[in-house]
Ligand SMILES: Nc1ncnc2c1ncn2[C@@H]1O[C@H](COP(=O)(O)OP(=O)(O)OP(=O)(O)O)[C@@H](O)[C@H]1O
Ligand SMILES: [Mg+2]
């Protein structure tokens with residue numbers, strides 16, 4: 072299946088959306104990470120920690136969530152100060168879990184990292200046979216954005 076890339080029109084809207092459908096291969100996982108960093112750069116957003124999270128979730132989709140011939144999908148979605156990363160694969164019979172890290176010390180680290188880096192993350196099931204592993208990260212305020220707590224800002228800080 073061919074790769075499909077899409078982006079919603081910007082038209083001055085603060086909502087940013089990007090998706091890409093990729094083959095469930097190591098190359099597909101690498102591409103997911105590369106395309107995500109390109110997109111985040113073009114939005115002027117920080118790659119840290121999103122790049123790492125995309126890399127881990129995409130690697131999981133193509134190893135543990137892989138069904139040959141069925142693409143996986145990456146979606147990046149910005150709303151306000153939150154970047155939501157979604158990676159959808161087509162194996163709903165296996166679910167992600169946070170381990171302690173493998174005994175070899177070289178596996179079982181991906182979701183430990185995601186858990187540490189994301190504000191929250193989780194798994195949503197469906198539509199069958201799909202599942203989506205998602206993670207949200209907080210974005211630093213963009214230059215020029217109204218500053219919370221500053222004089223004339225949106226709200227006052229805890230000390231007035
Ligand atoms: N998309 C997925 N579909 C099904 N199972 C998953 C998925 N992602 C993770 N898992 C399960 O959760 C476990 C933990 O995932 P995690 O990414 O932490 O470790 P790993 O992929 O085994 O090793 P590492 O990420 O360090 O290479 C996996 O071993 C796998 O059993
Ligand atoms: Mg992993």
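Numbering (my numbering), first residue to last: 72 to 231. Ideal placement from N, C-alpha and C gives every residue a C-beta, glycine not left out.
Practice task
Report the three-state DSSP secondary structure of residue 108 (helix, strand or coil).
Solution key: Position 37 of the chain shown, counted from the first residue, corresponds to residue 108. Reduced to three states, the DSSP call for residue 108 is helix.
Exercise for the section: Specify the secondary structure class of residue 160 as computed by DSSP and reduced to three states. Expected result: Start at 1 with the first residue of the chain shown, and residue 160 comes out as number 89. Residue state, collapsed to three classes: strand.
Handout entry: Start and end residues, beta strand (DSSP E) containing residue 190
Key = Within the chain shown, the letter at position 119 stands for residue 190. Careful: residue 190 lies outside any beta strand (DSSP E) and carries neither H nor E.
Problem - Sequence-distant residues of its chain with Cβ nearer than 6 Å to residue 95 (five each side left out) - result: For the purposes of this step, residue 95 is identified with residue 24 of the chain shown, where counting begins at 1. Cβ neighbours of residue 95 beyond the five flanking positions: 133, 137, 143.
Handout entry: Buried or exposed (CB count within 10 angstroms, at least 16 for buried), residue 160
Key = Along the chain shown, one-based indexing puts residue 160 at 89. Its Cβ being crowded by 16 or more others within 10 Å, residue 160 is buried.
Practice task
Could you please give the first and the last residue of the uninterrupted alpha helix (DSSP H) stretch that includes residue 206?
Solution key: As a position in the chain shown, residue 206 is number 135, starting the count at 1. Run containing residue 206: none in the alpha helix (DSSP H); it sits in the beta strand (DSSP E), 202-209.
Practice task
Look at the alpha carbon of residue 195 and the alpha carbon of residue 203, and state the distance between them as a whole number of angstroms.
Solution key: In the chain shown, residue 195 corresponds to position 124, counting from 1. In the chain shown, residue 203 corresponds to position 132, counting from 1. If you take the alpha carbons of residue 195 and residue 203, they lie about 5 Å apart.
Handout entry: Residues near residue 168 by beta carbon distance below 8 Å, same chain, minus five either side
Key = The residue you call residue 168 lines up with position 97 of the chain shown. Correct list, in chain order: 182.
Practice task
Look at the Cβ atom of residue 206, then the Cβ atom of residue 185, and state whether they are nearer than 7 Å.
Solution key: Along the chain shown, read from residue 1 onward, the residue named residue 206 stands at position 135. Along the chain shown, read from residue 1 onward, the residue named residue 185 stands at position 114. Yes, they are a contact pair.
Exercise for the section: Ignore the nearest five residues each way along the sequence and tell me which others in residue 110's own chain have a CB closer than 7 Å to its CB. Expected result: For the purposes of this step, residue 110 is taken as residue 39 along the chain shown, with counting starting at 1. Once the five neighbours on either side are set aside, the close Cβ partners of residue 110 are 89, 147.
Exercise for the section: Grab me the residues of residue 145's own chain with a C-beta within less than 6 Å of its C-beta, minus the 5 sequence neighbours each way, in chain order. Expected result: Stepping through the chain shown from its first residue, residue 145 is reached at position 74. 91, 103, 158, listed in sequence order.
Practice task
For my contact list, residue 165 and residue 135 are in at a C-beta cut-off of 8 Å; report their separation, rounded to the angstrom.
Solution key: Here residue 165 refers to the residue found at position 94 when the chain shown is read from its first residue. Here residue 135 refers to the residue found at position 64 when the chain shown is read from its first residue. The Cβ separation is near 6 Å, so the contact holds.
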